[in-house]
Amino acid sequence: MAPKSGKTKQHKAKGEKKKKEEKVLPTVIEVTVETPDESQVTLKGISTDRILDVRKLLAVHVDTCHFTNYSLSHEVRGARLKDFAEIISLKPYHLTIVEEEYTEGQAVAHIRRLLDIVACTTYFGSSSSSLKAGARTGSKDIGPRETVSSESEPGLQNEAADLSPKPGTADKKVAVSPKYKPGKPEAPASASGLETAMKGEDAAAMMCPPLRLGQFYDFFSFSHLTPPIQYIRRSTRPYLEDKTDEDFFQIDVRTCSGKPTTIVASQKGFYPSGKRHLLSHSLAGLLQHISRVFDSAYKALMKAFTEHNKFANLPYGFRANTWLVPSVVAESPSTFPPLPVEDESWGGNGGGQGRDGKHDHRLWAKDFAILAAMPCKTAEERQTRDRKAFLLHSLFVDVSVLKAVAAIKYLLDNNSSISHEERIGDLLIIVTKDKPDASAKLDSKYDGIQVLGISHEELTKRNLLKGITADESATVHDTSILGVVVVRHCGHTAIVKVSAEVNWEGNSIPQDIDVEDHPEGGANALNINRSV
């Protein structure tokens, strides 16, 4: 009898794997933002962006860069959207800027933003455009160890400085200017000795001279343009009208017209002293309204930004980064005026986290223990864990550097030659004075004896075991090394380490750490020069 015909269930071959779902790649999204003056700005983002990313795009757009202290609203999602809301969920992609009232600190930050935007016209050496301008800027070709002031205020003369601005030109940051010009290689100073023997190599090198620090700053310089603002200072003038509870302070502003104006900073914005009816939420908007000359200079700068970069991203937020300034900055910081973002008189600082004491008593030992125990079996879990590790360790380094420098300064202020030890929460800070004999060989490597207090034999076994068992989690799992920072400063060495016992009291180890993202998207990184 023939077998009955019927549907048979097909079995998958052994070892056959299910196809993984293809990941959807991010797509470009155009977001339209309506400004307070009823104009519109179109931003190009991607589908994975958040409101925080929209804020970053607005901060570097020529039409909205001077805005601070605002919220974003959406016709469906409502007002004051959270920074971490995804823009893919905002359909239609249309947002509105809503101006918020200032606190005194926010008003100061707003002024600092405007100073930061226009800094490129005065704080750096002559740009390539200014070299073409020639006599207009008073620029000249100078060597790598010289500086030249930018276009100056009335009453100040352009002059070459030794290595830094002269006293009295504190608002004139300068930088080295490129010495080499395209097509005109510099001839050697002499043709004797080794230089003669290597003449052929020298000639080849001169055809393509090495990059210099001045050429880096030249990219950011707009000194060929008229500075829209000559200065902004705290005013001591009496109020023309009775000061109200909404008024914070007065400032004296001298624009490029040379005429000083006293302006009141208030809760709702800025207005000229005695003319409250001219109130404007933004200082740049107010100055554009009351000064044609400022308006023309400011628009010229915005146009130059657009021509300089097709995306019109503003080169602002300058910091005197440790690796990008001449050594004189570290040697004599008092003679090198701070950039606006670092100027303490306008609420600036050297960047980084931990200045407010917020993390003084953070449970670092528990955080690092949780980090080592976080799930990391899948790629997604490892990505989440590694991101947390980056944020936590960055925060730890910032806090440790600031605490170490403060401890060293304490020893210096008290003229103490002995070692110093202190504990702040989970942190143990040990400061020792370096050997006075400059000819003695320094132990530049701090191993387990200095940092962990273990012997060489134990350290060797430890490193061997770590090498044998190493995987993508080796660094995160080595919490004892991850929780150590060594700082050398002013002839002293400070070791900051996490020194606390972790006791879970029978409870299971948490699976996540509460650590904040970097403020301002990471643009406010710690600047060592301004921290010491």
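Using the numbering used here, the first residue of the sequence shown is number 169, and each one after it goes up by one. Idealized CB from N, CA, C, for every residue including glycine.
As assigned by DSSP and simplified to three states, the class of residue i
| i | result |
| --- | --- |
| L226 | helix |
| R405 | coil |
| R591 | strand |
| A693 | coil |
| Q679 | coil |
| L240 | strand |
| I586 | coil |
| L263 | strand |
| E512 | helix |
| F438 | strand |
| S448 | strand |
| Y385 | helix |
| H657 | strand |
| E626 | helix |
| T600 | strand |
| T643 | helix |
| Y291 | coil |
| Y399 | strand |
Buried/exposed call for residue i, threshold 16 Cβ in 10 Å
| i | result |
| --- | --- |
| L469 | buried |
| N671 | exposed |
| L580 | exposed |
| P396 | buried |
| G437 | buried |
| P406 | exposed |
| F387 | exposed |
| D566 | buried |
| A465 | buried |
| P505 | buried |
| Y578 | exposed |
| A691 | exposed |
| F390 | buried |
| N695 | buried |
| L193 | exposed |
| A533 | buried |
| G246 | exposed |
| R248 | exposed |
| F235 | buried |
| F486 | buried |
| K478 | exposed |
C-alpha gap between residue i and residue j, whole angstroms
| i | j | result |
| --- | --- | --- |
| T216 | V683 | 21 Å |
| K564 | G651 | The displayed chain sequence assigns Phe, not Lys, to residue 564. Their backbone Cα atoms lie some 8 Å apart in a straight line. |
| A277 | G515 | 6 Å |
| V509 | A275 | 14 Å |
| N675 | C233 | 49 Å |
| E267 | I400 | 23 Å |
| R555 | L446 | 48 Å |
| A668 | D524 | 23 Å |
| L595 | A575 | 12 Å |
| D410 | L225 | 40 Å |
| D680 | E548 | 14 Å |
| Y291 | Q398 | 11 Å |
| E314 | D463 | Per-residue confidence for E314 stands at a pLDDT of 30, beneath the threshold of 50, marking its modelled position as unreliable; no derived number is given. |
| S207 | T200 | 10 Å |
| V432 | A227 | 24 Å |
| F384 | E414 | 44 Å |
| R530 | A557 | 15 Å |
| G520 | A693 | 5 Å |
| F416 | K467 | 29 Å |
| H242 | T600 | 57 Å |
| R402 | Y439 | 15 Å |
Range of the contiguous beta strand (DSSP E) that encloses residue i
| i | result |
| --- | --- |
| G453 | From DSSP, G453 is part of no beta strand (DSSP E) but of the alpha helix (DSSP H) over 451-458. |
| G213 | 208-214 |
| I255 | I255 -> no beta strand (DSSP E), and no H or E assigned at all. |
| V432 | 428-434 |
| H278 | Element bounds for H278: not the beta strand (DSSP E) but the alpha helix (DSSP H), 272-286. |
| T647 | Segment 647-650 is the alpha helix (DSSP H) holding T647; no beta strand (DSSP E) there. |
| R701 | An answer regarding residue 701 cannot be provided, because it is not within the stretch 169 to 700 covered by the chain. |
| T200 | 196-202 |
Unbroken alpha helix (DSSP H) run spanning residue i, endpoints
| i | result |
| --- | --- |
| K534 | 532-541 |
| K665 | From DSSP, K665 is part of no alpha helix (DSSP H) but of the beta strand (DSSP E) over 660-666. |
| V567 | 547-581 |
Distance cut-off 7 Å: residue i Cβ against heavy atoms of the ligand HEM
| i | result |
| --- | --- |
| F564 | Looking for the ligand HEM in the displayed structure turns up nothing, as the structure carries no ligands at all. |
Residue-level contact to chain D via CB, residue i, 8 Å cutoff
| i | result |
| --- | --- |
| G437 | In summary, chain D is missing from the structure at hand, where a single protein chain is found. |
(message) Does the contact criterion of 3 or more C-beta pairs under 8 Å hold for the segment 413-430 versus the segment 246-263?
(response) no
(request) Mind the definition here: the segment 531-550 touches the segment 645-665 only if three or more C-beta pairs lie below 8 Å; say whether that holds. (result) yes
(message) Can you confirm whether the segment 655-668 touches the segment 588-605 when touching is taken to mean that 3 or more C-beta pairs between the two stretches lie within less than 8 Å?
(response) yes
(request) Report yes or no: do the segment 473-482 and the segment 441-458 share at least 3 C-beta pairs separated by less than 8 Å? (result) no
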